[in-house]
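Per this note's numbering: the sequence shown = residues 11 to 189. For glycine and all other residues, C-beta sits at the position ideal for the given N, C-alpha and C.
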Amino acid sequence: MDNKISVETSLLSAIQLYVSRHTSISSIFISACIALFGCVFIYLGMDLEFSSGTLSMLLFTAGTIMLLLALYRFFWQSQVWEYKHTGSIIMEGSFYLKIDDLNGFQNLLESIKQIHIDTAIFRTSGNIRLDYLMARDSQFAAIQLFKYVPYTYEPCSEAYLFQGDAAVSIVQYLKHIKK
(Lines of atoms letter the chains of each structure in order from A and count residues from 1; the text may use other names and numbers.)
(Lines give C-alpha, C1' and ligand atoms only; values in the text may rest on other atoms or scores of the structure.)
Protein backbone atom coordinates (compact mmCIF):
# COMPACT_ATOMS: atom_id res chain seq x y z
CA MET A 1 0.00 0.00 0.00
CA ASP A 2 1.37 3.39 -0.91
CA ASN A 3 0.00 6.80 -0.03
CA LYS A 4 0.91 10.22 -1.34
CA ILE A 5 0.76 13.28 0.88
CA SER A 6 0.75 16.83 -0.55
CA VAL A 7 3.96 18.63 -1.48
CA GLU A 8 3.54 21.20 1.29
CA THR A 9 3.56 18.49 3.95
CA SER A 10 6.96 17.56 5.31
CA LEU A 11 8.04 13.94 5.60
CA LEU A 12 8.01 13.94 9.40
CA SER A 13 4.49 15.34 9.65
CA ALA A 14 3.23 12.87 7.02
CA ILE A 15 4.21 9.78 9.02
CA GLN A 16 2.49 10.64 12.31
CA LEU A 17 -0.24 8.04 11.78
CA TYR A 18 2.29 5.26 11.26
CA VAL A 19 5.14 6.16 13.60
CA SER A 20 5.41 6.95 17.28
CA ARG A 21 8.28 8.51 19.18
CA HIS A 22 9.33 7.16 22.55
CA THR A 23 12.22 7.17 24.97
CA SER A 24 14.78 4.39 24.69
CA ILE A 25 15.45 2.94 28.15
CA SER A 26 18.71 1.31 26.99
CA SER A 27 20.01 4.65 25.71
CA ILE A 28 19.20 6.32 29.03
CA PHE A 29 20.96 3.49 30.91
CA ILE A 30 24.08 3.83 28.74
CA SER A 31 24.03 7.62 29.26
CA ALA A 32 23.79 7.13 33.03
CA CYS A 33 26.75 4.72 33.00
CA ILE A 34 28.86 7.15 30.97
CA ALA A 35 27.92 9.98 33.37
CA LEU A 36 28.83 7.81 36.37
CA PHE A 37 32.26 7.01 34.92
CA GLY A 38 32.71 10.70 34.11
CA CYS A 39 31.95 11.66 37.72
CA VAL A 40 34.40 9.03 38.99
CA PHE A 41 37.12 10.37 36.68
CA ILE A 42 36.47 13.96 37.81
CA TYR A 43 36.60 12.87 41.46
CA LEU A 44 39.87 11.01 40.89
CA GLY A 45 41.27 14.00 39.00
CA MET A 46 40.48 16.32 41.90
CA ASP A 47 41.71 13.89 44.56
CA LEU A 48 44.71 15.30 46.41
CA GLU A 49 46.56 11.96 46.67
CA PHE A 50 47.71 12.11 43.06
CA SER A 51 51.13 13.72 42.90
CA SER A 52 51.20 14.11 39.11
CA GLY A 53 49.46 17.23 37.84
CA THR A 54 49.37 15.81 34.30
CA LEU A 55 47.49 12.67 35.35
CA SER A 56 45.09 14.76 37.42
CA MET A 57 44.33 17.07 34.48
CA LEU A 58 43.97 14.11 32.12
CA LEU A 59 41.42 12.44 34.42
CA PHE A 60 39.55 15.70 34.92
CA THR A 61 39.41 16.33 31.16
CA ALA A 62 38.31 12.78 30.38
CA GLY A 63 35.62 12.98 33.06
CA THR A 64 34.33 16.29 31.71
CA ILE A 65 34.19 14.91 28.16
CA MET A 66 32.33 11.83 29.40
CA LEU A 67 29.81 13.99 31.27
CA LEU A 68 29.20 16.13 28.18
CA LEU A 69 28.80 13.00 26.04
CA ALA A 70 26.31 11.56 28.55
CA LEU A 71 24.28 14.79 28.52
CA TYR A 72 24.25 14.81 24.72
CA ARG A 73 23.11 11.18 24.58
CA PHE A 74 20.49 11.76 27.26
CA PHE A 75 18.87 14.83 25.70
CA TRP A 76 19.31 14.23 21.97
CA GLN A 77 19.87 10.52 21.43
CA SER A 78 17.42 8.93 23.86
CA GLN A 79 14.34 9.41 21.63
CA VAL A 80 13.66 6.83 18.90
CA TRP A 81 11.03 6.58 16.16
CA GLU A 82 9.10 3.30 16.09
CA TYR A 83 6.76 1.86 13.45
CA LYS A 84 3.45 1.37 15.28
CA HIS A 85 2.30 -1.81 13.55
CA THR A 86 5.42 -3.91 14.13
CA GLY A 87 7.37 -2.02 16.80
CA SER A 88 10.44 -1.78 14.54
CA ILE A 89 12.88 1.12 14.95
CA ILE A 90 12.86 3.72 12.15
CA MET A 91 16.14 4.73 10.49
CA GLU A 92 16.52 7.97 8.54
CA GLY A 93 18.92 9.34 5.96
CA SER A 94 19.41 11.37 2.79
CA PHE A 95 20.81 10.91 -0.70
CA TYR A 96 21.51 13.53 -3.34
CA LEU A 97 20.77 13.53 -7.08
CA LYS A 98 21.53 15.72 -10.05
CA ILE A 99 18.67 17.94 -11.19
CA ASP A 100 18.53 15.95 -14.45
CA ASP A 101 17.47 12.80 -12.55
CA LEU A 102 14.46 14.46 -10.85
CA ASN A 103 11.73 13.61 -13.39
CA GLY A 104 12.94 10.06 -13.86
CA PHE A 105 13.04 9.41 -10.14
CA GLN A 106 9.58 10.93 -9.60
CA ASN A 107 8.21 8.65 -12.33
CA LEU A 108 9.91 5.72 -10.64
CA LEU A 109 8.20 6.56 -7.35
CA GLU A 110 4.83 6.82 -9.12
CA SER A 111 5.14 3.29 -10.53
CA ILE A 112 6.95 1.53 -7.70
CA LYS A 113 5.83 -1.97 -8.73
CA GLN A 114 9.29 -2.99 -9.93
CA ILE A 115 12.23 -0.88 -8.89
CA HIS A 116 15.43 -1.08 -10.89
CA ILE A 117 18.72 -0.70 -9.08
CA ASP A 118 20.49 1.44 -11.72
CA THR A 119 17.78 4.09 -12.12
CA ALA A 120 19.61 7.08 -10.66
CA ILE A 121 23.15 7.85 -9.62
CA PHE A 122 23.33 9.12 -6.06
CA ARG A 123 26.01 11.55 -4.89
CA THR A 124 27.25 13.08 -1.65
CA SER A 125 25.83 16.48 -2.65
CA GLY A 126 23.53 17.82 -5.34
CA ASN A 127 20.55 19.98 -6.25
CA ILE A 128 18.01 17.29 -5.33
CA ARG A 129 17.89 15.66 -1.90
CA LEU A 130 16.04 12.42 -1.26
CA ASP A 131 15.05 12.09 2.40
CA TYR A 132 13.96 8.66 3.56
CA LEU A 133 12.70 6.90 6.65
CA MET A 134 12.67 3.11 6.78
CA ALA A 135 11.83 0.50 9.37
CA ARG A 136 14.48 -2.05 10.29
CA ASP A 137 12.06 -4.88 9.54
CA SER A 138 11.42 -3.42 6.03
CA GLN A 139 7.65 -3.12 6.56
CA PHE A 140 7.51 0.68 6.31
CA ALA A 141 9.28 3.29 4.19
CA ALA A 142 8.70 6.97 3.49
CA ILE A 143 10.42 9.06 0.82
CA GLN A 144 10.28 12.72 -0.18
CA LEU A 145 12.29 14.70 -2.73
CA PHE A 146 13.57 18.21 -1.99
CA LYS A 147 14.93 20.75 -4.48
CA TYR A 148 17.69 23.20 -3.58
CA VAL A 149 16.53 26.79 -3.61
CA PRO A 150 19.19 29.26 -2.46
CA TYR A 151 20.06 28.60 1.18
CA THR A 152 17.49 25.83 1.76
CA TYR A 153 15.90 22.65 0.40
CA GLU A 154 12.16 22.91 -0.37
CA PRO A 155 9.83 19.95 -1.03
CA CYS A 156 9.36 19.24 -4.74
CA SER A 157 7.38 16.00 -4.46
CA GLU A 158 4.73 14.46 -2.30
CA ALA A 159 5.74 12.43 0.72
CA TYR A 160 5.44 8.83 -0.46
CA LEU A 161 4.51 6.30 2.22
CA PHE A 162 4.99 2.58 1.58
CA GLN A 163 3.91 -0.46 3.56
CA GLY A 164 4.11 -4.20 2.91
CA ASP A 165 5.70 -5.47 -0.33
CA ALA A 166 6.23 -1.98 -1.76
CA ALA A 167 8.10 -1.01 1.42
CA VAL A 168 10.26 -4.13 1.19
CA SER A 169 11.34 -3.25 -2.36
CA ILE A 170 12.05 0.40 -1.40
CA VAL A 171 14.09 -0.64 1.65
CA GLN A 172 16.10 -3.14 -0.43
CA TYR A 173 16.75 -0.39 -2.97
CA LEU A 174 17.84 2.09 -0.30
CA LYS A 175 20.11 -0.48 1.38
CA HIS A 176 21.67 -1.30 -1.98
CA ILE A 177 22.49 2.32 -2.81
CA LYS A 178 23.79 3.01 0.72
CA LYS A 179 26.73 0.66 0.09
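Residue 29 is classed as buried because its beta carbon has at least 16 other beta carbons within 10 Å across all chains shown. Using a 10 angstroms sphere on the CB of residue 67, the tally of other CB atoms stays under 16, which defines it as exposed. Under DSSP, residue 105 shares a beta bridge with 140. DSSP, reduced to helix, strand and coil, places residue 162 within a strand of the structure shown. Residues 96, 98 of the same chain have their beta carbon placed closer than 7 Å to that of residue 147, with the five preceding and five following residues left out of the count. Under the three-state reduction of DSSP, residue 95 is assigned to coil, being neither helix nor strand. Counting only runs of 4 or more residues that sit fully inside the segment 62-92, the alpha helix (DSSP H) segments are 63-86, in chain order. Of the candidates 169, 143, 164, 159, 143 places its Cα closest to the Cα of residue 184. Take residue 32, set aside five residues on each side of it, and the residues of its chain with a beta-carbon closer than 8 Å to its own are 89, 90, 92, in chain order. Only exposed fits residue 135, as fewer than 16 other CB atoms lie within 10 angstroms of its CB. Here residue 181 is buried: its Cβ has 16 or more other Cβ atoms, across all protein chains shown, within 10 Å. Looking from the CA of residue 102, the closest CA among 36, 163, 145, 158 belongs to 145. Cβ contact annotation for residue 79 (same chain, cutoff 8 Å, sequence separation greater than five): 44, 48, in chain order.
A residue is called buried once 16 or more other Cβ atoms fall within 10 Å of its Cβ, and residue 114, having fewer, is exposed. Under the 10 Å beta carbon count, residue 110 is surrounded by fewer than 16 other beta carbons and is classified as exposed.
Sequence-distant partners of residue 69 (beyond 5 residues in either direction) whose C-beta falls short of 7 Å from its own C-beta, in its chain, are 51, 54, 55. Cβ atoms of residue 85 and residue 38 stay farther apart than 8 Å, at about 10 Å.
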